[in-house]
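Counting the sequence shown from 1 gives a position; this note's numbering is that position plus 27. Here a beta-carbon is modelled for each residue, glycine too, at the ideal position from N, C-alpha and C. First up is the structure itself, then whatever we jot down about it.
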Amino acid sequence: MNTSATMLPKIPDAGGEWLQVTPGERFKIRTAATETEGIYTMLEVIADPRNGVPMHVHANEEEHFVVLEGSVHLTTGDQGSDLAAGDAATVRRGTPHAWCNLSDGIVRMLIIFSPGHLEKVFRLIGSLKGDEMAAIAEANEDAGSMIVGPPPFDDIYSVLSPRPKY
């Protein structure tokens with residue numbers, strides 16, 4: 028799939044605001060922690076080819092992935108697996124992990140954090156303008172998450188190495 032500015036896929040819309048983590052990765056809060064009394068938060072994430080996240084650890088949350096469209100590579104510790112549409116996986120708190128889109132198309136997935144307190148960090152990330160990596164790292168650490176390394180593959184766009192803006 029061509030991901031040039033004129034050929035970006037239409038993002039499905041079910042109300043609410045799409046926020047950008049970094050160019051090529053956007054999210055929408057589908058279920059807020061306030062709706063579940065903090066039990067969980069559910070995000071919908073859409074990532075372009077070669078977008079992903081650096082290796083990181085959550086001290087307080089389990090992270091659940093449900094792939095809706097496309098495929099995503101999930102690295103947990105030193106193990107890697109490819110998840111296709113319909114697949115799900117859970118990463119337990121304290122486990123270093125990262126995901127990335129190695130395909131030529133978009134990946135669309137639900138990410139559920141339980142408990143749901145990381146929602147505050149995602150709201151902050153979505154509100155930042157420009158290169159504010161220090162603010163993202165500080166917010167993550169304050170919430171009990173820490174970046175522990177780069178994405179598991181070269182040439183992955185992430186908050187550590189953003190894609191040029193469209």
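Just verifying my parser: in three-state terms, what is the DSSP assignment at Ile139? strand
Among residues of its own chain, excluding the 5 on either side of Gly153, which ones have a beta-carbon nearer than 6 angstroms to its beta-carbon? Leu46
Taking the straight line between their C-alpha atoms, what separation do you get for Pro181 and Ala59? As written in the sequence, residue 181 is Asp, which differs from the Pro given in the question. Roughly 33 angstroms between the two C-alpha positions.
I want to know whether the region 52 to 66 touches the region 92 to 108 - three or more CB-CB distances under 8 angstroms. Contact between the region 52 to 66 and the region 92 to 108 is absent, because fewer than three Cβ pairs lie under 8 angstroms.
Report the three-state DSSP secondary structure of Leu46 (helix, strand or coil). It is a strand residue.
What does the alpha-carbon distance come out to for the pair Pro142 and Ser185? 24 angstroms
Assigned exposure category for Pro191 - 16 Cβ within 10 Å defines buried: Pro191 comes out exposed.
What does a CB cutoff of less than 6 angstroms around Asp114 pick up in its chain, not counting 5 residues either side in sequence? Val94
Exposed or buried, which one is Thr49 when buried takes at least 16 other CB atoms within 10 Å? Thr49 should be labelled buried.
Figure out for me which residue from Gly121, His85, Ile66 and Asp75 has the closest Cα to the Cα of His100. Asp75
Looking at the secondary structure, which residues open and close the alpha helix (DSSP H) in which Leu151 lies? Glu146 to Ser154
Mind reading off the beta-carbon distance from Trp126 to Val175? Whole number of angstroms is fine, and I expect it under 8 angstroms. Between Val175 and Trp126 the Cβ distance is about 14 angstroms, and since that is not below 8 angstroms, they are no contact.
On the DSSP letters alone, give me the boundaries of the beta strand (DSSP E) that Lys55 sits inside. Glu52 to Thr58
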